[in-house]
């Protein structure tokens, strides 16, 4: 078995002697967050001699340069591909589409018949009204005044009887027409639903690409042609449900995936794998270039133009609670591949299929994180280590549940296996925060201070109005100086447990347990001094 790279060659004729036309279907798909590797396995039977296996049902948008072919059962020769001038192929509609189309045609015929019936009834009403008009003209004729009494009485009785009958006929026909029109509404609704059902059975693109593989067989043989290629027109998006038990710190991570594809053909009963590999993104380290400084007169020196970052990037492209089917995960040290146990159907350009990828459990430290500079309440935060041996991919589809209660949806950043991470599970309304500026001493007030010294005293309060004790992490800040002439000193009562949190200069953290109905205060004093001839901005 060997794989060949396929040049794009136009064939001289659509078919030639020894052709064996094959029908292929997608058998295996490996989806990446962006892109997919698609495999088609096509069995064939060939007599002895030289032949060409013709596969004329590849989607029109197949990137033919990425196609790879392998063969079992015969010796492989040249491989030819084309997008245009593809021989025609017989495409049989699925039984579901045939049935849906037949139902639409039946309802259309029934609706036409019903509309014709309504028109016939209206014609009856029109005929009755015409009789009424004719009788009215008889009664107004010039010779009526010359009739004797008996003949006039007979004419009057005839006109009255016939007019009554005509009016009754017109009224009856009108009522029947109205009833038939009301029945038409139900038929029109049924037809609309049938058309929607037909449209929901998304048809595949008719335009296709072609692949021709030359083979040689010493004897009559049976074999399998395997065609694989990559496409950017498919992918999957991870989704996560995080369930936190506040008392115990138990954290359950439920994994899932949304699948999508717009390749132009429907996938039916495909063996599906989901990979966390991202071949459509940067796949090689960036490159730096020599730095050659130059000196010269000031007017000769121009600002250096920064090289475009994408010069060093590789181009896009890829080569490779209720009971439910759950994918199994395989971690190879670089990425995770989820293999789904059941065949999957995905309709082109329409379906957004959700699959379950299993769940894992770990333990987190639950704290209340308080940032009074920007928030009025503290928030429940779970601090944990991703010890699942699977990375959590970035996604906007992350939902958070605290003690079974849904608290919100947010973007999730990448969390690699072994990484420490914080997840927030909503506010704690009973942990109230306040930050009060008690005293400030400076010169001219405003954005620019012209004095050479300023002092500031801030009082921070965390009040626990809940009925339970909370472990609190309080975050605040003090100014930092990057100039020798600007001197900054500060004091805190009590002093923080951590300075420069996560490497951010001037960010302070206090950690304490706060009982119910208790208040913890922090006093933060800051002093800044600078030369008299300078201003503080």
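Numbering (this note's numbering), first residue to last: 23 to 559. Where a beta carbon is used, it is the ideal one built from N, C-alpha and C, also for glycine. Being a predicted model, the structure only gives us computed values, none of them experimental.
Cα-Cα separation, residue i to residue j
| i | j | result |
| --- | --- | --- |
| residue 553 | residue 517 | 29 angstroms |
| residue 135 | residue 201 | 15 angstroms |
| residue 549 | residue 458 | 17 angstroms |
| residue 434 | residue 446 | 11 angstroms |
| residue 405 | residue 540 | 24 angstroms |
| residue 504 | residue 89 | 57 angstroms |
| residue 465 | residue 383 | Its pLDDT being 48, under 50, residue 465 is placed unreliably by the model, and the measurement read from it follows with that caveat. One C-alpha to the other measures close to 57 angstroms. |
| residue 261 | residue 419 | 5 angstroms |
| residue 358 | residue 514 | 47 angstroms |
| residue 71 | residue 240 | 6 angstroms |
| residue 132 | residue 194 | 24 angstroms |
| residue 100 | residue 236 | 5 angstroms |
| residue 412 | residue 295 | 16 angstroms |
| residue 212 | residue 368 | 27 angstroms |
| residue 438 | residue 117 | 47 angstroms |
| residue 528 | residue 497 | 11 angstroms |
| residue 102 | residue 307 | 35 angstroms |
| residue 41 | residue 91 | 18 angstroms |
| residue 336 | residue 394 | Bear in mind that a pLDDT of 29 at residue 336, under 50, signals an unreliable position, so the number given afterwards is only what the model happens to contain. Straight-line Cα distance between these residues: approximately 45 angstroms. |
| residue 137 | residue 208 | 12 angstroms |
| residue 176 | residue 186 | 15 angstroms |
Residue span of the beta strand (DSSP E) that contains residue i, given as start and end
| i | result |
| --- | --- |
| residue 6 | Any answer about residue 6 is impossible in this case: the structure gives the chain only from 23 up to 559. |
| residue 83 | Segment: none, residue 83 is in no beta strand (DSSP E) and carries neither H nor E. |
| residue 97 | 97-104 |
| residue 48 | Note, residue 48: premise wrong, no beta strand (DSSP E); not H, not E. |
| residue 429 | 427-434 |
| residue 61 | 58-68 |
| residue 237 | 230-239 |
| residue 557 | Segment: none, residue 557 is in no beta strand (DSSP E) and carries neither H nor E. |
| residue 41 | 41-44 |
| residue 54 | Run containing residue 54: none; DSSP gives neither H nor E here. |
| residue 361 | 358-361 |
Residues bridged to residue i [DSSP beta-bridge criterion]
| i | result |
| --- | --- |
| residue 273 | 266, 384 |
| residue 154 | Bridge partners of residue 154: none, in fact. |
| residue 549 | 477, 511 |
| residue 529 | 499 |
| residue 459 | 480 |
| residue 146 | The partner list for residue 146 (beta bridge, DSSP) is empty, contrary to what the question assumes. |
| residue 9 | The shown model of the chain, from 23 to 559, leaves out residue 9, and the question about it has no answer. |
| residue 368 | 289 |
| residue 395 | Paired residue(s): none; residue 395 is not in a bridge. |
| residue 94 | 246 |
| residue 542 | 484 |
| residue 410 | None, per the DSSP bridge assignment. |
| residue 560 | Because residue 560 is not part of the residues shown, which for the chain are 23 to 559, the question remains open. |
| residue 296 | 53, 360 |
| residue 279 | 260, 377 |
| residue 13 | This structure leaves residue 13 out entirely; the chain is present only between 23 and 559. |
| residue 211 | DSSP lists no partner for residue 211. |
Cβ separation of residue i and residue j, assumed to be a contact under 8 angstroms, to the nearest whole Å
| i | j | result |
| --- | --- | --- |
| residue 415 | residue 298 | 6 angstroms |
| residue 521 | residue 508 | With a Cβ gap of about 19 angstroms, residue 521 and residue 508 do not count as contacting. |
| residue 566 | residue 543 | The question about residue 566 has no answer, for the chain in this structure spans 23 to 559. |
| residue 370 | residue 431 | 28 angstroms between Cβ atoms; not a contact. |
| residue 535 | residue 490 | Contact doesn't hold; Cβ gap of about 11 angstroms is too wide. |
| residue 475 | residue 462 | Not really, about 12 angstroms apart at Cβ, beyond 8 angstroms. |
| residue 510 | residue 523 | That pair is no contact at about 18 angstroms. |
| residue 60 | residue 250 | 7 angstroms |
| residue 74 | residue 46 | Not confirmed; about 15 angstroms, so no contact. |
| residue 54 | residue 302 | 7 angstroms |
| residue 390 | residue 401 | 7 angstroms |
| residue 82 | residue 286 | 6 angstroms |
| residue 379 | residue 279 | 6 angstroms |
| residue 588 | residue 144 | Only positions 23 to 559 of the chain appear in the structure, and residue 588 is not among them; the question remains open. |
Are the segment 149-162 and the segment 229-245 touching by the rule of at least three beta carbon pairs closer than 8 angstroms? At 8 angstroms Cβ cutoff, the stretches do not touch.
Assess contact between the segment 264-275 and the segment 238-245, defined as three or more Cβ pairs (one per stretch) separated by less than 8 angstroms. Is contact present? Taking a cut-off of 8 angstroms for Cβ pairs, the segment 264-275 and the segment 238-245 do not touch, as fewer than three such pairs fall below it.
Should the segment 262-272 be regarded as contacting the segment 287-302, the criterion being three or more beta carbon pairs within less than 8 angstroms? Segments in contact, no.
Give a yes or no on contact between the segment 483-495 and the segment 449-458, applying the rule of three or more CB pairs nearer than 8 angstroms. Judged by Cβ distances under 8 angstroms, the segment 483-495 makes contact with the segment 449-458, as three or more pairs qualify.
Is the segment 206-222 touching the segment 147-154 in the sense that three or more CB pairs, one from each, lie closer than 8 angstroms? No, they do not touch.
For the segment 251-260 against the segment 120-127, do three or more pairs of beta-carbon atoms, one drawn from each stretch, fall closer than 8 angstroms, so that the two count as touching? No: fewer than three Cβ pairs fall under 8 angstroms.
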